[in-house]
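Peer 1: Sharing a structure below in structure tokens format, with a few things to ask.
In the numbering used here, the protein residues as written are 133 to 301.
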């Protein structure tokens, strides 16, 4: 995106790329927003103040967004993002329909990428009981050793005592 301001490109992380930049008056509850930047990792809101000489940034990671809703109007639309940890929803109001559709598509695809329940589990935590990615290798019984008659553990080949319980073979 060629029209992304320099101050936004300076705060991007390594490997983070701008997917959509929308510059216009967008109103979030209680916050006046100058522009919205959608990257492959987060949603960034630019807040101007002090006669537009200073800017503050607020960002929302896609892991914090639980759902996105597109309210399409005749000429303008609204994209609302429900946040996972409560609070007021992130609302991108008064967008042209084409920008709103692009923003909605980008947000939905990034939510799906960062929150796929089968690959990441709940809230980016590793799932319990994950499916193994490698097939177990079959080891011949002669290479493993003997099974202990007392505790049932396998021993190393050539050992005279069980490593788990200490009983003699």
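All C-beta atoms in this analysis are idealised placements derived from N, C-alpha and C, irrespective of residue type, glycine included. Note that the coordinates shown come from a computational prediction; the quantities given were computed from them, not determined experimentally.
1. To the nearest angstrom, how far is the alpha carbon of residue 151 from that of residue 171?
2. By the DSSP assignment, the beta strand (DSSP E) with residue 242 in it spans what residues?
3. Looking only at C-alpha atoms, which of 146, 173, 168, 298 sits nearest to residue 226?
4. Can you give the Cα-Cα distance for residue 234 and residue 240, rounded to whole angstroms?
5. Between 232, 140, 195, which has its C-alpha nearest residue 188's C-alpha?
6. When DSSP builds the beta bridges, which residues end up paired with residue 153?
7. Leaving out five residues before and five after residue 296 in sequence, what residues of the same chain have Cβ atoms less than 6 Å from its Cβ?
8. In the DSSP output, what is residue 222 paired with across the bridge?
9. So, helix, strand or coil for residue 197, using DSSP?
10. If I'm right that residue 197 touches residue 236 with Cβ under 8 Å, what's the distance once you round it to whole angstroms?
11. Count the other CB atoms, across all protein chains shown, that sit within 10 Å of the CB of residue 209; report buried if there are 16 or more and exposed otherwise.
12. Measuring alpha carbon to alpha carbon, tell me which of 149, 147, 173 ends up nearest residue 244.
13. Pull up the distance between the alpha-carbon of residue 191 and that of residue 289, whole angstroms please.
14. Span of the beta strand (DSSP E) holding residue 178?
15. I'd like to confirm the pairing. Which residues does DSSP put opposite residue 208 in its beta bridges?
Peer 2: Let me spell this out:
1. Cα to Cα, residue 151 sits roughly 5 Å from residue 171.
2. Element bounds for residue 242: not the beta strand (DSSP E) but the alpha helix (DSSP H), 229-246.
3. It is 168.
4. Whole-angstrom Cα-Cα distance: 10 Å.
5. From the listed residues 232, 140, 195, the smallest Cα separation to residue 188 is found for 140.
6. DSSP, once it has assigned bridges, lists 169 as partnering residue 153.
7. For residue 296, same chain residues with a beta-carbon under 6 Å away, outside a window of 5 residues either side, are 283, 285 in chain order.
8. 213.
9. Three-state DSSP puts residue 197 in a strand.
10. Contact doesn't hold; Cβ gap of about 12 Å is too wide.
11. Residue burial is scored here from C-beta neighbours: residue 209 has at least 16 other C-beta atoms within 10 angstroms and is therefore classed as buried.
12. When each option's Cα is compared against that of residue 244, the closest is 173.
13. The alpha-carbon separation between residue 191 and residue 289 amounts to approximately 58 Å.
14. It spans 174-181 - the beta strand (DSSP E) in which residue 178 sits, taken as one unbroken run.
15. Looking at the DSSP output, residue 208 sits in a beta bridge with 228.
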